[in-house]
Each structure stands twice: as C-alpha cells, then as structure tokens.
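Everything below concerns the one structure shown next.
Numbering (my numbering), first residue to last: 40 to 123.
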C-alpha cells in the first residue's frame, strides 16, 4: 500500500489527502466541504477538504473542549437503593 500524502493549497485553502495514487472514478460529498474520492471498486483513495483551515481549527477545538469537559465532570458514585 502506498503511503498517505497530503498537499495543502494555501491560496484556495484546500487540503488534499491522497491515500492511493489510483485513478479517481467517483466521489461522494460527505459534508458541504468534504469530498471522498473513490476508485473503480468504490474504495477510498483520497479526501478533499475545502476551507481546510477553518475545518481543522474547529475540529481541534471541538475535540479539545470535549476532552476537557469530560475531565471536569465529577465521577458518578453508585448509590445503593433499598426498596421500601
């Protein structure tokens, strides 16, 4: 398997991730700014991210905030309930 490569086009703010050098025969829009590129067999060979800097910033912030909030949550203690 080929090594994954990334190319960032600063002027257009596009990140292109190449998983395989195979010819693209189809693509699927995963979200408004993310496209999955597929080979003839329907296997993922690349990903294109438009507005990449915003996407990466937001993804990192969201992930970091989720982990911080999870760390700050108090542990739930198990409480035994006795029937009346």
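We put the beta carbon where it would ideally sit given N, CA and C, even for glycine.
For residue 79, the closest of 64, 71 and 72 by C-alpha to C-alpha distance is 64. With fewer than 16 other beta carbons inside 10 angstroms of its own, residue 46 counts as exposed. Contiguous beta strand (DSSP E) elements confined to the stretch 55 to 119 occur at 65 to 70, 73 to 77 and 83 to 89, taking only those with 3 or more residues. Counted as a single uninterrupted DSSP element, the beta strand (DSSP E) harbouring residue 44 occupies residues 44 to 48. For a cut-off of 8 Å, the C-beta gap from residue 88 to residue 75 is around 11 Å, too long to register as a contact.
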